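2 protein chains.
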Amino acid sequence: MIRRTPQQPRERGIPDATVARLPLYLRALNGLAERAVATVSSEDLAVAAGVNSAKLRKDLSHLGSYGTRGVGYDVQYLIYQISRELGLTQDWAVAIVGVGNLGRALANYGGFVSRGFRVAGLLDADPEVVGDHIAGLVVEHSDELESVIAKRGVSIVVIATPATAAQAVCDRVIASGVTSILNFAPVVLTVPAGVDVRKVDLSIELQILAFHEQRKVNGGPVMGEEWAGEVS
Amino acid sequence: MIRRTPQQPRERGIPDATVARLPLYLRALNGLAERAVATVSSEDLAVAAGVNSAKLRKDLSHLGSYGTRGVGYDVQYLIYQISRELGLTQDWAVAIVGVGNLGRALANYGGFVSRGFRVAGLLDADPEVVGDHIAGLVVEHSDELESVIAKRGVSIVVIATPATAAQAVCDRVIASGVTSILNFAPVVLTVPAGVDVRKVDLSIELQILAFHEQRKVNGGPVMGEEWAGEVS
DNA sequence: TCGACTTTGTGCATCACTTCACAAAGGCAC
DNA sequence: GTGCCTTTGTGAAGTGATGCACAAAGTCGA
Ligand SMILES: NC(=O)c1ccc[n+]([C@@H]2O[C@H](COP(=O)([O-])OP(=O)(O)OC[C@H]3O[C@@H](n4cnc5c(N)ncnc54)[C@H](O)[C@@H]3O)[C@@H](O)[C@H]2O)c1
Ligand SMILES: NC(=O)c1ccc[n+]([C@@H]2O[C@H](COP(=O)([O-])OP(=O)(O)OC[C@H]3O[C@@H](n4cnc5c(N)ncnc54)[C@H](O)[C@@H]3O)[C@@H](O)[C@H]2O)c1
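Here the protein sequences come in this chain order: A and B.
Going left to right, the first sequence walks through residues 2 to 233 as this note's numbering numbers them.
Going left to right, the second sequence walks through residues 2 to 233 as this note's numbering numbers them.
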């Protein structure tokens, strides 16, 4: 995406791999804070987050020098620094498009609100669903998509529609100025540069598990007849 | 996990990054097959799957030499080969533990069954929930976990319980011989070697989006007062 | 005040994955 | 057949992430 000149060594740039782990550290730190732990070593925090301690230290070093040698990291302070880096000190208005099985589960989920994400809109195309009250919100018709995004200052959209509708919804959302999308529909969304799409595909996760499971059982795919069939 | 001697160049081993993309190719191929496309070039398939064509070719080369130079890949044949490699030619019994908002959405989701994954058990600890009929199944009490796994030949377990219950469920599941787990609870599960855990954490995905979103708006986290506070 | 001890932050070697670029393979037209 | 044209499969170079290992920094007890 964002290309930078090889000159400046990535001004305040944090590697993607690191960014993806920061929320993990944050979760572990919150766990420690609840147990009233004041400081933590990279070793202990690494164990709690399920990573290597050298990796943890290198990740944190990208944010700045927030540790104290001989002691470790101040839990509260580190929570604050990571939250700030991730942009969790402000809160983000999220809209969910597609209020079916999955959309409802997401809307009812408390884990988002607790992290500065506020569900500010629920939209669906089905007149049966429009008007339903879910998690204190009323489902609106997806015709209102643009106005809901504008009026409520939505900056992140979650797409939980069927795959066939996802690209169209995506296009409209981007036209409304949104540049951050979380997609649950099993399709590759085409978006212009500058728009971030992250996808969650449960089916893919299961398929990866199946791959490894098969290896454990067989030592490989369908043994015996492998390579047998020419393509005719 | 599985360490191999540097001698043998990874006997039939497929890089993890490749395995993670195979389901993507499979989905793209199924789309082509529905539109009755007989053959496809690496270039076209790469576009459909949203990847670089060189990467696609290298990925497929790990499975074998299934293309025809000057022509491309036979769609049906490639679908078969990838399915076989992923272990989707057999079907897998899946149990879902924790039938709350998310567990229900998963149970009702048709996208699993279509890929050789059969939901063979729904388990919950709440007596209110036990006995409910969902997607043609009756929710059973989680006390029955071990016997359900054994009787129905469950090889993949989905954990959709609250975070606090996840590790305990995980331990019991592993004790029953399951070695493939898909975890939705926001905790790091501790498992013995040989057990595969994949996790899906929606909250993490949103946090990563927020990070990038913040960069777009500000060019960085909370400008102005940054680095201001010493840790006291 | 000092010295022993702990733990960070990072240079460096290594590993894994990506991308380029092209020779070899094969189809197809004539 | 023969030769052109397309597309694969893959060496090799490039990029980024990982993990080791250790010097530097800081704490704390005596
Ligand atoms: N439920 C799951 O566990 C699960 C798992 C993996 C992937 N998914 C994917 O998530 C998506 C949603 O799944 P689901 O089970 O909730 O499906 P669902 O059919 O229950 O819900 C989809 C909802 O989207 C609405 N919709 C359709 N077109 C729309 C449009 N243009 N604008 C706004 N809303 C629209 C429908 O009215 C419906 O309410 C699907 O793409 C599915 O493949 C779901
Ligand atoms: N709903 C979402 O969109 C969402 C999003 C991200 C993460 N999650 C995570 O997924 C998990 C489930 O979320 P949810 O919204 O469905 O929660 P939920 O509270 O609606 O459902 C949890 C279910 O698990 C059952 N349960 C509790 N302890 C159990 C045990 N020991 N054995 C079996 N069942 C048990 C409860 O009875 C309940 O039915 C949570 O860990 C949550 O953090 C959910």
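Glycine included, C-beta positions come from ideal geometry on N, C-alpha and C.
Remember, predicted model here, so these are calculated numbers, not experimental data.
Report task. Go through its chain and collect everything with a Cβ distance to A/I157's Cβ below 6 angstroms, but skip five positions before and after it. Result -> As a working mapping, residue 157 of chain A is identified with position 156 in the first sequence. Here the set comprises W93, V95 and S181.
Report task. Report yes if the C-beta of A/D144 is less than 7 angstroms from at least one heavy atom of ligand 1; otherwise report no. Result -> Walking along the first sequence from the start, residue 144 of chain A turns up at place 143. Not under cutoff, so the answer is no.
Query raised in the report: From A/G104 to A/V72, what distance separates their C-alpha atoms?
Result: Walking along the first sequence from the start, residue 104 of chain A turns up at place 103. Walking along the first sequence from the start, residue 72 of chain A turns up at place 71. Rounded to whole angstroms, the gap between the alpha carbons of A/G104 and A/V72 is 45 angstroms.
Report task. Answer yes or no: do B/R116 and A/S204 have a C-beta to C-beta separation smaller than 8 angstroms? Result -> The residue given as residue 116 of chain B occupies position 115 in the second sequence. The residue given as residue 204 of chain A occupies position 203 in the first sequence. The answer is yes: Cβ separation under 8 angstroms.
Report task. State whether the region 118-128 of chain A contacts the region 149-165 of chain A, with contact taken as three or more CB pairs (one from each stretch) at a distance under 8 angstroms. Result -> By the Cβ test, the region 118-128 of chain A is in contact with the region 149-165 of chain A, since at least three Cβ pairs between them sit closer than 8 angstroms.
Requested in this report: For B/H213, count neighbouring Cβ atoms within 10 angstroms of its own Cβ and tell me buried if that reaches 16, exposed if not.
Outcome: Here residue 213 of chain B refers to the residue found at position 212 when the second sequence is read from its first residue. Buried: at least 16 other Cβ atoms inside 10 Å.
Query - For A/F212, the first and last residue of its enclosing alpha helix (DSSP H) - result: Here residue 212 of chain A is taken as the residue at index 211 of the first sequence, counted from 1. Run containing A/F212: L203 to N219, per the alpha helix (DSSP H) assignment.
Query raised in the report: B/H63 CB to nearest chain A CB: under 8 angstroms?
Result: One-based indexing of the second sequence puts residue 63 of chain B at position 62. Chain A contact via Cβ: absent.
Query raised in the report: Just checking my contact of A/V159 with B/G51 at CB under 8 angstroms: how many whole Å lie between their CB atoms?
Result: As a position in the first sequence, residue 159 of chain A is number 158, starting the count at 1. As a position in the second sequence, residue 51 of chain B is number 50, starting the count at 1. Wrong, their Cβ atoms sit about 19 angstroms apart, outside the cutoff.
Requested in this report: Examine chain B for any beta-carbon lying closer than 8 angstroms to the beta-carbon of A/K56, and answer yes or no.
Outcome: Position 55 of the first sequence, counted from the first residue, corresponds to residue 56 of chain A. With 8 angstroms as the cut-off, A/K56 does not count as an interface residue toward chain B.
Query raised in the report: With burial defined as no fewer than 16 other Cβ atoms inside 10 Å of the residue's Cβ, what is the status of A/N102: buried or exposed?
Result: By one-based count along the first sequence, residue 102 of chain A stands at place 101. Classification for A/N102: buried.
Query - Environment of B/G65 [buried if 16+ CB atoms lie within 10 Å] - result: Walking along the second sequence from the start, residue 65 of chain B turns up at place 64. Exposed, because fewer than 16 other Cβ atoms sit within 10 Å of the Cβ of B/G65.
Requested in this report: Check whether the Cβ of A/G112 lies closer than 8 angstroms to any Cβ atom in chain B.
Outcome: As a working mapping, residue 112 of chain A is identified with position 111 in the first sequence. Interface criterion met: the Cβ of A/G112 is under 8 angstroms from a Cβ in chain B.
Query - Check whether B/V170 and B/V98 have beta carbons under 8 angstroms apart - result: By 1-based counting over the second sequence, the position of residue 170 of chain B is 169. By 1-based counting over the second sequence, the position of residue 98 of chain B is 97. Contact: yes.
Query - Within chain A, partners of B/V201 - CB distance below 8 angstroms - result: Within the second sequence, residue 201 of chain B is the residue found at index 200, counting from 1. Result: V201, L203 and E206.
Query raised in the report: CB of A/T40 to nearest heavy atom of ligand 1: below 7 angstroms?
Result: Numbered from 1 along the first sequence, position 39 holds the residue referred to as residue 40 of chain A. No, Cβ of A/T40 sits at least 7 angstroms from all heavy atoms of ligand 1.
Requested in this report: Could you name the residues of chain A that B/N53 contacts, counting a contact when the two beta carbons are closer than 7 angstroms?
Outcome: Working through the second sequence from its first residue, we reach residue 53 of chain B at position 52. Residues of chain A passing the Cβ test: none, with the nearest at roughly 13 angstroms.
Query raised in the report: Near A/L27, what residues of its chain come up, given a Cβ to Cβ distance below 6 angstroms and the 5 sequence neighbours on each side ignored?
Result: Here residue 27 of chain A refers to the residue found at position 26 when the first sequence is read from its first residue. Contacts found: I83.
Query - Where A/A167 falls, given that 16 or more other Cβ within 10 Å makes a residue buried - result: By 1-based counting over the first sequence, the position of residue 167 of chain A is 166. Result: buried.
**Report entry** Short Cβ contact (8 angstroms threshold) for B/L79 with B/Y67
**Finding:** Start at 1 with the first residue of the second sequence, and residue 79 of chain B comes out as number 78. Start at 1 with the first residue of the second sequence, and residue 67 of chain B comes out as number 66. Yes, they are a contact pair.
**Report entry** Rounded distance between the beta-carbons of A/L33 and A/A49, thought under 8 angstroms
**Finding:** Position 48 of the first sequence, counted from the start, is the residue given in the question as residue 49 of chain A. Position 32 of the first sequence, counted from the start, is the residue given in the question as residue 33 of chain A. Indeed, because the Cβ distance is near 7 angstroms, the residues count as touching under 8 angstroms.
Query - Any non-hydrogen atom of ligand 2 within 7 angstroms of A/V120 CB - result: By 1-based counting over the first sequence, the position of residue 120 of chain A is 119. Every heavy atom of ligand 2 is 7 angstroms or more from the Cβ of A/V120, so no.
**Report entry** Entirely enclosed alpha helix (DSSP H) segments - the region 8-63 of chain A, minimum 4 residues
**Finding:** Those alpha helix (DSSP H) runs which fall completely within the region 8-63 of chain A and span 4+ residues are 17-35, 43-50 and 54-62.
Query raised in the report: Is B/E227 buried or exposed, if buried means 16 or more other CB atoms sit within 10 Å of its CB?
Result: Walking along the second sequence from the start, residue 227 of chain B turns up at place 226. Residue confidence for B/E227 is low, a pLDDT of 40 falling below 50, so the modelled location carries little weight; the figure read from the coordinates is stated next. When all chains shown are included, B/E227 counts as exposed.
Query raised in the report: A/F118 bridges to which residues according to DSSP?
Result: Walking along the first sequence from the start, residue 118 of chain A turns up at place 117. Answer is A/W93, bridged to A/F118.
Query raised in the report: What residues in its chain sit with their C-beta under 7 angstroms from that of A/N31, if we drop five residues either side in the sequence?
Result: For the purposes of this step, residue 31 of chain A is identified with residue 30 of the first sequence, where counting begins at 1. Cβ within range, chain order: I80.
Report task. Thinking A/A192 and A/I175 are a contact (beta carbons under 8 angstroms), I'd like their distance in whole angstroms, please. Result -> Translated into the one-based positions of the first sequence, residue 192 of chain A becomes position 191. Translated into the one-based positions of the first sequence, residue 175 of chain A becomes position 174. Before going further, note that residue 192 of chain A is Val rather than Ala in the sequence given. That belief holds up - the Cβ atoms of A/V192 and A/I175 are roughly 6 angstroms apart, short of 8 angstroms.
Query raised in the report: Would B/P187 count as contacting chain A if we go by Cβ distances under 8 angstroms?
Result: Locating residue 187 of chain B in the second sequence gives position 186, counting from the first residue. With 8 angstroms as the cut-off, B/P187 counts as an interface residue toward chain A.
Report task. Classify B/D127 as helix, strand or coil using the three-state DSSP reduction. Result -> For this step, residue 127 of chain B is matched to residue 126 along the second sequence. In this structure, B/D127 counts as coil in the three-state DSSP scheme.
Requested in this report: Give a single yes or no on whether A/F185 has its beta carbon closer than 7 angstroms to a heavy atom of ligand 3.
Outcome: Absent from the structure shown: ligand 3. Ligands present: ligand 1 and ligand 2.
Query - Proximity winner among A/N53, A/L210 and A/D172, relative to A/A194 (alpha-carbon distances) - result: What you label residue 194 of chain A is simply residue 193 of the first sequence in a count that begins at 1. It is A/D172 whose Cα lies nearest to the Cα of A/A194.
Query raised in the report: Considering only residues of the same chain and omitting the five flanking positions on each side of B/T69, which have a CB-CB separation below 6 angstroms?
Result: Taking the second sequence and counting its residues from 1, one reaches residue 69 of chain B at position 68. Within the same chain, B/T69 has no close Cβ partners at all.
**Report entry** Three-state class that DSSP yields for A/D172 in the structure shown
**Finding:** Counting from 1 along the first sequence, the entry for residue 172 of chain A is found at position 171. Helix, per DSSP.
Report task. Give the straight-line distance between the Cα atoms of A/V41 and A/V20, rounded to the nearest whole angstrom. Result -> Within the first sequence, residue 41 of chain A is the residue found at index 40, counting from 1. Within the first sequence, residue 20 of chain A is the residue found at index 19, counting from 1. A/V41 and A/V20: Cα-Cα distance of roughly 20 angstroms.
Requested in this report: Could you name the residues of chain A that B/K217 contacts, counting a contact when the two beta carbons are closer than 7 angstroms?
Outcome: As a working mapping, residue 217 of chain B is identified with position 216 in the second sequence. Residues of chain A passing the Cβ test: T180.
Query raised in the report: Would DSSP call A/V188 helix, strand or coil?
Result: Position 187 of the first sequence holds residue 188 of chain A. In this structure, A/V188 counts as coil in the three-state DSSP scheme.
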